[in-house]
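Novice: Protein chains in written order, with my numbering: chain C, 1 to 257; chain B, 1 to 257.
Backbone N, C-alpha and C define an ideal beta-carbon position, used for all residues, glycine too.
Note that the structure is predicted; figures quoted are calculated from it, not measured.
The structure that follows is given in the form of structure tokens.
Number of protein chains: 2
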Amino acid sequence: MTVSEPAAARARFRAGERRPTAGWAPGYAQANLIAVPRDLAYDLLLFAQRNPRPCPVLDVSEVGAPTTVLAPGADLRTDLPAYRIWEHGECVAEVGDATAYWRDDLVAVLIGCSFTFERALLDAGVPVRHLEEGRNVPMYRTSVACRPAGRLAGPMVVSMRPVPAPLVPTAVLVSGRFPAVHGAPVHIGDPAALGITDLSRPDFGDAVTVEDSDVPVFWACGVTPQAAVMASKPAFAISHAPGHMLVTDVRDAAYAA
Amino acid sequence: MTVSEPAAARARFRAGERRPTAGWAPGYAQANLIAVPRDLAYDLLLFAQRNPRPCPVLDVSEVGAPTTVLAPGADLRTDLPAYRIWEHGECVAEVGDATAYWRDDLVAVLIGCSFTFERALLDAGVPVRHLEEGRNVPMYRTSVACRPAGRLAGPMVVSMRPVPAPLVPTAVLVSGRFPAVHGAPVHIGDPAALGITDLSRPDFGDAVTVEDSDVPVFWACGVTPQAAVMASKPAFAISHAPGHMLVTDVRDAAYAA
């Protein structure tokens, strides 16, 4: 069962629960985490500035401080349901508690997540299949290259939601009101246009049912920095596990334009 | 006389013309410049991320490269009408050509400018007094502190446009469509609420006529990083002179939400 309050959600994850956060604390923004040593933090902020659709920055921690203004009292090392530990571009561990891996020189960057506008989609009558099916959202690496920044380069990652064809314009307009959490889709329709060959085999998260009357709709995704880590192989980074987000105390409406 | 094409405007400034750029190349975005050594660039990007209303970043150059994707072919050392050279928080020179001061370790950050939405204000019937009067826009340091970042802290700077009272809502809505160039006003009315004691004595730019039926309307301003330089006293920085902007090749409409 999901919980409705952000602090309660974080307490559950801190206590060890490991599951995707879609549908948790509806009405509150969720965020991607990418933490890198201070030495790489300029390149990461520059990468985000140059790729604002996949990487809208919501907050940046002080060096070494696992805290954020988005969720006062939260500990970024423990309060997400799952983390990935990266060394030279390889995921060397996926853990529920990153405390043992955290370093005093890490800067934690929190990036907007499209889960944030899912309540608005539901309110507008747009079904969200992965919520219906109790799964993680499917995410795919694309053939679209991000604009490089310093030592960071890599492909854009997208999330996909199958939307009934008559509701696609509604999905565009509703999500477009939330530019800080990826905003309007980056692509509608043929997955091959993004270099995606098989929707049933996502690179991250779970496959979901695509009905015959559905159109696949693709949004830029905050897993993109992880794809840049995989491609660029910096010595060290910590990220959330895809779909296992920070549940913040910020209302989703705060990010509505 | 102003000119209508960005490249022609930049050529005039490169050739030595020194005057504020309000009204130049209408329909094209203009940008603030703040260039700092790479060593301070992370703090500057972080300051911008934490203060997005005054510091919306439009582009960041490669280290040492006085170029920008916003105006291919432009030379950031020469193509603005005037520059300020900063040492330890003091403006040590105001020059029309910054080439002699440029350094190989400088990162040039270009920040949105409210001149960009002035054509939209005019199109909506909102008069722009400094354009009517052929002056620079008046700008003021406020009592509103920016959120600090690393070695950078300082007050928010605002630009002010007197708007006839019945047109204030229009001015809000029109500028609000341009969040990347400061967006909606940060304050409407009493200057004292921002710690401004005398509208006729701006900290930057020129005073303009405020009619009895006008309401002073204040927008966050991209001179804010200069105020941070004045307050924080980093060893070196180069900025544009207030109101003497980079005229870019990007259409103003590109920044309309």
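1. Pick helix, strand or coil for PHE336(B), following the three-state DSSP scheme.
2. Per the contact definition of three or more C-beta pairs closer than 8 Å, is the region 160–171 of chain C in contact with the region 45–64 of chain C?
3. Would you identify the three-state DSSP class for GLY73(C), choosing helix, strand or coil?
4. Spatial neighbours of ARG135(C) within its chain, please: CB distance less than 7 Å, with the 5 preceding and 5 following residues excluded, ordered by chain position.
5. May I ask you to report which of helix, strand or coil DSSP gives GLU118(C)?
6. Looking at the unbroken alpha helix (DSSP H) that takes in GLU132(B), where does it start and where does it end?
7. Chain B partners of ALA41(C), CB-CB under 7 Å?
8. Around the Cβ of THR224(C), are there at least 16 other Cβ atoms within 10 angstroms (buried) or fewer (exposed)?
9. Could one say the Cβ of LEU45(C) lies closer than 8 Å to chain B's Cβ atoms, at least one of them?
10. From which residue to which residue does the alpha helix (DSSP H) around TYR42(C) run?
11. With a CB to CB cut of under 8 Å and the five nearest residues on each side skipped, what residues in its chain are close to GLY89(B)?
12. Is the distance from the Cβ of MET139(C) to the Cβ of VAL126(C) below 8 Å?
13. What does a CB cutoff of less than 6 Å around ALA98(B) pick up in its chain, not counting 5 residues either side in sequence?
14. Would DSSP call PRO162(B) helix, strand or coil?
15. Does DSSP classify LEU199(C) as helix, strand or coil?
16. Mind checking if VAL60(B) is an interface residue toward chain C, Cβ cutoff 8 Å exclusive?
17. Going by DSSP, what residue range makes up the alpha helix (DSSP H) through PRO6(B)?
18. Out of ALA29(C), LEU33(C), PRO191(C) and ALA256(C), which has the shortest C-alpha to C-alpha gap to ASP249(C)?
19. Taking only the alpha-carbon atoms, compute the straight-line gap between ARG14(B) and ALA7(B) and give it to the nearest angstrom.
20. Would ALA185(C) pass as a contact of VAL217(C) if the rule is Cβ separation under 8 Å?
21. So THR21(C) and PRO81(C) are supposed to be a Cβ contact under 8 Å. How far apart are they, rounded?
22. Please report the straight-line C-alpha distance between PRO164(C) and GLU118(C), rounded to a whole angstrom.
23. Which residues of chain B have a Cβ atom closer than 7 Å to the Cβ of VAL57(C), listed in chain order?
24. Who are the near neighbours of CYS113(C) in its chain, counting only those whose CB is closer than 7 Å to its CB and skipping five residues on each side?
25. Are the beta-carbon atoms of LEU46(C) and ALA149(C) separated by less than 8 Å?
26. Can you tell me whether SER200(C) is buried or exposed? The criterion is at least 16 other CB atoms within 10 Å of its CB, across all chains shown.
27. What residue from ARG161(C), GLY16(C) and HIS187(C) has the CA that sits closest to VAL137(C)'s CA?
28. With DSSP as the reference, identify every bridge partner of MET139(C), one or two as the case may be.
Specialist: Straight from the coordinates:
1. Chain B is shown only over 1 to 257; residue 336(B) falls outside these bounds and no answer can be derived.
2. no
3. coil
4. ASP206 and VAL208
5. helix
6. 129–132
7. TYR42
8. buried
9. yes
10. 38–50
11. VAL229, MET230, ALA231, SER232, LYS233 and PRO234
12. no
13. ARG77, TYR83 and ILE238
14. strand
15. coil
16. yes
17. 6–14
18. ALA29(C)
19. 10 Å
20. Going by the sequence as given, residue 185(C) is Pro instead of Ala. Yes. Within cutoff.
21. 6 Å
22. 15 Å
23. GLN49
24. GLN30, ALA31, ASN32, VAL181, GLY222 and MET245
25. yes
26. exposed
27. ARG161(C)
28. SER159(C) and PHE204(C)
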